[in-house]
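The block underneath contains the structure these notes are about, expressed in structure tokens.
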Amino acid sequence: MAAAQPRLPAGVAMVRRLARGCWSAFWDYETPKVIVVRNRRLGFVHRMVQLLILLYFVWYVFIVQKSYQDSETGPESSIITKVKGITMSEHKVWDVEEYVKPPEGGSVVSIITRIEVTPSQTLGTCPESMRVHSSTCHSDDDCVAGQLDMQGNGIRTGHCVPYYHGDSKTCEVSAWCPVEDGTSENHFLGKMAPNFTILIKNSIHYPKFKFSKGNIASQKSDYLKHCTFDQDSDPYCPIFRLGFIVEQAGENFTELAHKGGVIGVIINWHCDLDLSESECNPKYSFRRLDPKYDPASSGYNFRFAKYYKINGTTTTRTLIKAYGIRIDVIVHGQAGKFSLIPTIINLATALTSIGVGSFLCDWILLTFMNKNKLYSHKKFDKVRTPRHPSSRWPVTLALVLGQIPPPPSHYSQDQPPSLPSGEGPALGEGAVLPLAVQPPRSCSISALTEQVVDTLDQHMGQRPPVPEPSQQDSTATDPKGLAQL
-19 MAAAQPRLPA GVAMVRRLAR GCWSAFWDYE TPKVIVVRNR RLGFVHRMVQ LLILLYFVWY
41 VFIVQKSYQD SETGPESSII TKVKGITMSE HKVWDVEEYV KPPEGGSVVS IITRIEVTPS
101 QTLGTCPESM RVHSSTCHSD DDCVAGQLDM QGNGIRTGHC VPYYHGDSKT CEVSAWCPVE
161 DGTSENHFLG KMAPNFTILI KNSIHYPKFK FSKGNIASQK SDYLKHCTFD QDSDPYCPIF
221 RLGFIVEQAG ENFTELAHKG GVIGVIINWH CDLDLSESEC NPKYSFRRLD PKYDPASSGY
281 NFRFAKYYKI NGTTTTRTLI KAYGIRIDVI VHGQAGKFSL IPTIINLATA LTSIGVGSFL
341 CDWILLTFMN KNKLYSHKKF DKVRTPRHPS SRWPVTLALV LGQIPPPPSH YSQDQPPSLP
401 SGEGPALGEG AVLPLAVQPP RSCSISALTE QVVDTLDQHM GQRPPVPEPS QQDSTATDPK
461 GLAQL
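Everything in the sequence shown is counted per our numbering, starting at -19 for the first residue and increasing by one.
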């Protein structure tokens, strides 16, 4: 007689069975339960939500936003400006060299339209301007020698002297005299300024797509000498009249020329590189950038001086306060080209978002419908655990490991079932029949539910139907402690 193989400890055997069941369950495929609810209203809501989501992605995401493209914003850009034209004031003719600042021409250019001139200033002492705070006085006691006002024009000498005109007095300062506003001359240059022309030469480059283009299309050398910008007939002639720019910005030229202001010329390069290069064209727009209706900061002006010497000894200067129209050229743009990665990402997002309709309809179905409890019972499988798991631990362990419970026995609780003759070892007096626990089929709860339901269905088919016991009597009628579904 062969020697009996040594038994493994109970804990090791249980761990092995559990690991084997988990490894088997790892390769299982689970799918959600599908229930068809024949309700026209709920079906209408479901399809309408899906249709709205589909229209949003097709029309807005893919057609308007072109999310199937890889895009690049903020192109590399270069700007060159050049102003041409002459004008005249009451006593003088002005050319470009005098009314354009800075002369080199960049993305910002200022065109002077009015000036206030303080001529023949020399270093000396003179009355302070009455515009300076606390500059008026009645005697020398009101003026402190050596006092410096950052809003003034010089250092006070401590004397109170008569003003340039009138009966008023101000403190004397050591500065460039006469100070501004003492004997200023006003010159208006805006009479012919609307006819000034501005050349705006712009080139852009998108490094991601290696695409470059400029706003001048013609290759003829004399093209720019005879053209003027027109959005419809000649969009590639970047020569603009100053009056046209101010008019497109919605401003009055005479008022703007007197007070000054800042006008933005915005060039937009929105290019669909899936199309031909000729479809990538600049779009121009114009608007005022400085706050028009804020009296504290509206307008635009700056100061500069021209220095010279009289008789080769005395240094003299002419101080000019200039009001003008400043042109700021701003370049924006975005280029896009088809790419597989954003297309797949947005398609996956669209298909996932369609599931929102099912989520909404499930919420309505299980919350607001008249038969919501019936729908909930059909949609979800519920498994109840035994009431006294400690007294029936072998059966509980079998349920956890996915073991099919044994069929209901027709024997009473006091008489255990006998084994057929010749099968199994003989039992001694007082021995307890052990419960055979088979290796687990699955670790998942879904597999456990399917096994219990299938087994019960088979047993119910093998014996005549009996009335289902109530929940209160489940413990008394179930000697093995199995869970009721």
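Cβ atoms here follow ideal geometry from the backbone N, Cα and C, with glycine treated the same way.
The model shown is predicted, which means the values in this text are computed figures rather than measured ones.
(request) Take A330 and list the residues in its own chain whose beta-carbon comes closer than 6 Å to its own, dropping the five residues that flank it on each side. (result) F37
(message) Between which residues of its own chain and P99 is the CB-CB distance below 6 Å, once the five residues before and five after are set aside?
(response) T298
(message) What does the Cβ neighbour count give for S265, buried or exposed, with the cut at 16 atoms within 10 Å?
(response) exposed
(message) My parser needs the alpha helix (DSSP H) runs of 4 or more residues fully inside the stretch 216 to 295; what are they?
(response) 222 to 228, 233 to 239
(request) In angstroms with no decimal places, state the Cα-to-Cα distance between K485 and H167. (result) Nothing about residue 485 can be reported from this structure: the residues present for the chain run from -19 to 465 only.
(request) Keeping to the same chain, check which residues put their C-beta closer than 8 Å to that of C524; ignore five residues upstream and five downstream. (result) There is no way to answer for residue 524, as the model of the chain reaches only from -19 to 465.
(request) Take S87 and list the residues in its own chain whose beta-carbon comes closer than 6 Å to its own, dropping the five residues that flank it on each side. (result) Excluding five sequence positions before and after S87, the CB atoms of its chain that fall closer than 6 Å to its own CB belong to I59, V309, given in chain order.
(message) Which residue marks the beginning of the alpha helix (DSSP H) containing D342, and which one marks its end?
(response) Element bounds for D342: 335 to 347.
(message) Classify V336: buried if its beta carbon has 16 or more other beta carbons within 10 angstroms, exposed otherwise.
(response) exposed
(request) Check whether the stretch 193 to 209 touches the stretch 226 to 239, taking contact to mean three or more Cβ pairs, one atom from each stretch, closer than 8 Å. (result) In short, these stretches do not touch, since the Cβ pair count stays below three.
(request) Out of T332, E227, V124, V97, state which residue places its alpha-carbon closest to the alpha-carbon of P158. (result) V97
(request) Under 8 Å by Cβ, that's how I've got L169 and S278 pegged, so tell me the actual separation to the nearest angstrom. (result) About 20 Å; that fails the 8 Å criterion.
(message) Just to confirm, is the Cβ distance from T93 to I305 under 8 Å?
(response) yes
(request) Sort I33, V(-8), F42, L269 by Cα distance to P322 and report the nearest one. (result) F42
(request) Compare the Cα-Cα distances from I536 to each of L179, Y273, I290 and report the closest residue. (result) Nothing about residue 536 can be read from this structure; the chain reaches only from -19 to 465.
(message) If you follow the beta strand (DSSP E) that E52 is in, where does it begin and where does it stop?
(response) 49 to 53
(message) With distance defined between alpha-carbon atoms, name the residue in A5, K286, D274 nearest to T102.
(response) K286
(message) So for Y79, helix, strand or coil by DSSP?
(response) In this structure, Y79 counts as helix in the three-state DSSP scheme.
(request) Leaving aside the five residues before and after I334 along the sequence, list all residues of the same chain whose C-beta is less than 6 Å from its C-beta, in chain order. (result) Excluding sequence neighbours, I334 sits near Q30, I33.
(message) Using DSSP's beta-bridge definition, name the partner residues of T67.
(response) W74
(request) Would you identify the three-state DSSP class for P420, choosing helix, strand or coil? (result) Only weak support is given to the placement of P420: the predicted model assigns it a pLDDT of 44, under 50, and the question is left unresolved by the model.
(message) Spatial neighbours of Y288 within its chain, please: C-beta separation below 7 Å, excluding the five flanking residues on both sides.
(response) T296
(request) Give a yes or no on whether 8 Å exceeds the smallest Cβ distance from Y264 to chain D. (result) Given the protein chain composition of this structure (a single chain), no chain D is represented.
(message) Going by beta-carbon coordinates alone, are N326 and P262 separated by less than 8 Å?
(response) no
(request) Check whether the stretch 149 to 156 touches the stretch 126 to 140, counting contact only when three or more Cβ pairs, one atom from each stretch, lie closer than 8 Å. (result) yes
(message) My output table needs one value for K351: the three-state DSSP class, helix, strand or coil.
(response) coil
(request) Find out if the Cβ-Cβ distance for the pair R221, P174 is shorter than 8 Å. (result) yes
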